[in-house]
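As given, the protein sequences belong to chains A and B, one line each in that order.
Residues in the first sequence are numbered from 1 upward in steps of one, following the working numbering.
Residues in the second sequence are numbered from 1 upward in steps of one, following the working numbering.
What follows is a short report on a single structure.
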Amino acid sequence: MSVVEVGEAITRAHHEEWARVVAALARRFGDLDIAEEAAAEAFATAVERWPADGVPPNPGAWLTTTATRKAIDRIRRENKRDDKHREAHMVYDDGPPEPVGAIDDERLRLIFTCCHPALAMQTRVALTLRMVGGLTVAEIARAFLVQEATMGQRITRAKAKIKAARIPYRVPSAEDLPARVAGVLAVLFLVFNEGYLATGPDTDPLRHELTAEAIRLTRLIRALLPTDGEVAGLLALMLLTEARRTARVSASGELVTLDEQDRGAWDAALVAEGHQLVRERLAAAAAGVAPGRYQILAAINAVHTGARDVRDTDWSQVVALYNQLVRLDPSPIIALNRAIAVAELDGPEVALAAVDRLEDTLAGYHAYHATRADLLRRLGRSQDSRAAYDKAIELAGNTAETAYLTRRRDQLR
Amino acid sequence: MQYLVSVIDDTAGLATPDEQAAIDVFNDRLKAEGHWVFAGGLGAPATATVIDNRGDVAVFTDGPFIESKEYLAGFWIIEAADLDVALKLAAEGSRACNRRVEVRPFL
């Protein structure tokens with residue numbers, strides 16, 4: 001086997017086995033810290049040994065065995081240092097598994113622990129990327145533009161809290177499951193969105209490594225919870241959004257809005273997979289299962305990606321879906337997005353009236369001003385439009401978006 | 001595993017009769033289900049005295065050790081298998097006493 005092939009095997013094993021190794025060790029030793037460190041050591045050993053010894057026939061088993069040995073070594077060392085018997089700190093629920101799906105996977109316990117509501121949202125994101133995603137602390141720090149030491153501390157503190165406060169290592173009871181799954185999906189959606197519309201003047205506008213990781217983890221959750229409609233909905237939403245990634249920023253680094261995108265540049269395979277998931281959820285909805293917000297958002301994206309040309313977009317369908325979404329989530333941001341669709345169906349004047357009603361809550365949000373600017377432009381109110389563009393540019397954090405808004409403003413007469 | 005459930009208050013008022021009745025019901029449940037360790041309400045922060053006997057003589061100071069709008073009004077110590085159980089109980093405690101609560105594990 002060539003060096004390149006061994007390298008590929010290690011990368012593949014890291015993607016496929018990291019979470020499994022951490023989860024298996026967390027279960028066995030009742031300690032996330034030990035599990036994480038031993039998993040990292042096992043992969044380091046693989047990097048050292050596989051090129052010489054060859055890739056073992058079952059990489060996952062090899063890594064788990066190696067990591068287990070490393071963990072036992074560490075526990076022996078620590079026991080020698082302080083004679084106290086090491087307690088298992090993490091609570092492992094050995095009762096019969098809740099009927100959560102076809103598989104009761106160790107990784108599911110790990111995900112629910114990392115996304116526990118007693119941890120701060122930022123912490124859940126970091127911990128999930130580290131423990132489940134296998135990203136290094138340095139990679140996570142870079143992704144969220146914080147110092148590596150700061151990110152390291154955040155993760156260390158989280159592990160200490162899990163241990164000291166006894167955050168359990170288990171799949172929540174059926175009664176708590178929907179709320180807890182929603183919490184996990186919120187973490188993954190946040191990772192995806194940060195990759196899709198990265199903030200900060202010095203960062204790339206699109207961060208493929210974050211969107212790719214979010215999709216990979218959502219696929220994993222989908223495999224673990226195949227009957228959950230919102231998991232399918234979020235995966236579809238991510239796929240249909242990711243499909244447009246390359247068309248979304250121009251060669252000069254400017255945001256390209258949906259109506260101006262080269263639809264031929266969309267990733268047809270991702271669109272097809274997303275549409276398949278949406279069809280599956282539509283069938284469930286037809287059978288009486290009320291869709292959640294991710295499923296509705298995915299359906300909206302399916303309407304957009306189903307139109308070969310922007311003029312073929314079924315705007316009445318889009319508005320109908322937004323109406324459904326507003327009933328579920330009456331947040332001003334949803335209302336703003338609904339107004340954008342209303343502009344296509346009922347004209348910019350009707351839309352502007354709806355947008356203006358959101359001023360109290362959205363005055364500090366760049367998209368509110370960008371939407372107003374566009375509607376005012378279409379109504380021929382150049383001066384008001386220019387002022388709105390100025391405000392939007394001032395508030396926008398994404399470099400590609402700032403470039404787009406600036407050009408649109410400068411095109412005003 | 002034991003947890004301290006602190007009751008956070010920012011009003012001068014004691015529990016109303018309705019709140020007291022709800023707290024009693026909650027306490028009975030804690031006892032019946034084996035979660036009860038101890039609980040109590042505390043006097044106002046103004047009744048506190050701080051003692052420092054780290055030096056040669058003990059120094060007594062009137063008032064709480066920290067001045068803030070919010071203060072500890074009372075607490076429960078509960079027995080719970082893990083944080084999920086403790087959080088559920090604390091949520092019910094918050095509802096019963098009609099105040100915010102904080103959960104912290106004992107070491």
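Quick reminder that beta carbons are idealized off the backbone N, C-alpha and C, glycines included.
Here the structure is a predicted model, which is why all the values come from computation and not from measurement.
For residue i, which three-state DSSP category applies?
i: L89(B); result: helix
i: W424(A); result: Past the boundaries of the shown model lies residue 424(A); chain A is included only from 1 to 413, so the question cannot be answered.
i: P330(A); result: coil
i: L255(A); result: strand
i: V25(B); result: helix
i: L197(A); result: coil
i: D384(A); result: helix
i: W266(A); result: coil
i: Q20(B); result: helix
i: M1(B); result: coil
i: P51(A); result: helix
i: V6(A); result: helix
i: D33(A); result: helix
i: R320(A); result: As written in the sequence, residue 320(A) is Ala, which differs from the Arg given in the question. Helix.
i: D309(A); result: coil
i: L14(B); result: coil
i: I103(A); result: Because I103(A) carries a pLDDT of 43, less than 50, the predicted location of this residue cannot be relied on, and no value is offered for it.
i: L110(A); result: helix
i: C97(B); result: helix
Going by the DSSP bridge assignment, what does residue i pair with across the sheet?
i: F75(B); result: S6(B) and G40(B)
i: V249(A); result: L255(A)
Ends of the alpha helix (DSSP H) at residue i?
i: R407(A); result: T399 to Q411
i: T61(B); result: Looking at the DSSP string, T61(B) is not in any alpha helix (DSSP H); the run it does join, the beta strand (DSSP E), is V59 to D62.
i: D52(B); result: That residue, D52(B), is in no alpha helix (DSSP H); its beta strand (DSSP E) goes T49 to D52.
i: R377(A); result: H366 to R378
i: P57(A); result: Per DSSP, P57(A) belongs to no alpha helix (DSSP H) and is neither H nor E.
i: L127(A); result: M121 to L127
i: G233(A); result: G229 to E242
i: Q295(A); result: R293 to G306
i: Q153(A); result: E148 to A164
i: H35(B); result: Unbroken run through H35(B): none, as it is neither H nor E.
i: V355(A); result: P348 to D356
i: A138(A); result: V137 to A143
i: R207(A); result: No alpha helix (DSSP H) contains R207(A), which DSSP labels as neither H nor E.
Specify, as a first and last residue, the run of the beta strand (DSSP E) that residue i falls within.
i: E67(B); result: Taken as a continuous stretch (DSSP letters only), E67(B) belongs to no beta strand (DSSP E), as it is neither H nor E.
i: V101(B); result: R100 to P105
Of all the options the options, which has the alpha carbon lying nearest to the alpha carbon of residue i?
i: E280(A); options: R408(A), G229(A), V184(A) and G253(A); result: G229(A)
i: L376(A); options: V350(A), L239(A), I393(A) and T150(A); result: V350(A)
i: E213(A); options: E8(A), V4(A), E16(A) and P168(A); result: E16(A)
i: I75(A); options: V318(A), L258(A), I34(A) and R49(A); result: I34(A)
i: R130(A); options: A19(A), G60(A), G195(A) and A164(A); result: A19(A)
i: R338(A); options: A367(A), R311(A) and R107(A); result: A367(A)
i: C115(A); options: A287(A), V146(A), T11(A) and V171(A); result: V171(A)
i: A54(A); options: V3(A), K80(A) and V21(A); result: The identity of residue 54(A) in the sequence shown is Gly, whereas the question assumes Ala. Nearest option by C-alpha distance: V3(A).
i: E36(A); options: L235(A), G380(A), L127(A) and P117(A); result: L127(A)
i: K70(A); options: L110(A), F29(A), W50(A) and R124(A); result: F29(A)
i: D259(A); options: L119(A), D374(A), L32(A) and Q122(A); result: D374(A)
i: Y357(A); options: L239(A), V342(A), A341(A) and L336(A); result: Per the sequence shown, the amino acid found at residue 357(A) is Arg instead of Tyr. When only C-alpha atoms are compared, the closest one is L336(A).
i: A22(B); options: F106(B), S94(B), P105(B) and L83(B); result: S94(B)
i: G292(A); options: L145(A), V231(A) and D73(A); result: V231(A)
i: A39(A); options: T136(A), N79(A), G152(A) and M121(A); result: T136(A)
Given 8 Å, three or more beta-carbon pairs between the stretch 313–328 of chain A and the stretch 358–365 of chain A: By the Cβ rule, the stretch 313–328 of chain A does not count as touching the stretch 358–365 of chain A, because fewer than three pairs are nearer than 8 Å.
At least 3 beta-carbon pairs within less than 8 Å: the stretch 69–80 of chain B vs the stretch 6–23 of chain B: Verdict: yes, contact present.
Three CB pairs or more closer than 8 Å across the stretch 306–314 of chain A and the stretch 287–296 of chain A: In the pairwise beta carbon analysis, the stretch 306–314 of chain A is classified as not touching the stretch 287–296 of chain A: fewer than three pairs are separated by under 8 Å.
Three or more C-beta pairs below 8 Å linking the stretch 41–49 of chain A and the stretch 60–71 of chain A: With contact defined as three or more Cβ pairs closer than 8 Å, the stretch 41–49 of chain A and the stretch 60–71 of chain A are in contact.
At least 3 beta-carbon pairs within less than 8 Å: the stretch 27–45 of chain B vs the stretch 79–92 of chain B: Judged by Cβ distances under 8 Å, the stretch 27–45 of chain B makes contact with the stretch 79–92 of chain B, as three or more pairs qualify.
Segment contact, 8 Å Cβ cut-off, at least three pairs: the stretch 94–101 of chain B with the stretch 48–60 of chain B: No: fewer than three Cβ pairs fall under 8 Å.
At least 3 beta-carbon pairs within less than 8 Å: the stretch 384–400 of chain A vs the stretch 251–263 of chain A: Using a Cβ-Cβ distance cut-off of 8 Å, the stretch 384–400 of chain A and the stretch 251–263 of chain A are in contact, since at least three pairs of beta carbons, one from each stretch, lie closer than that value.
contact_flag[the stretch 45–64 of chain A, the stretch 4–12 of chain A] where n(CB pairs < 8 Å) is 3 or more: Contact between the stretch 45–64 of chain A and the stretch 4–12 of chain A is present, because at least three Cβ pairs lie under 8 Å.
Contact the stretch 386–393 of chain A vs the stretch 46–56 of chain B: 3+ CB pairs below 8 Å: Note that the stretch 386–393 of chain A does not touch the stretch 46–56 of chain B; fewer than 3 beta-carbon pairs, one per stretch, sit closer than 8 Å.
Stretch pair the stretch 186–196 of chain A + the stretch 209–228 of chain A: three plus CB contacts closer than 8 Å: Contact between the stretch 186–196 of chain A and the stretch 209–228 of chain A is present, because at least three Cβ pairs lie under 8 Å.
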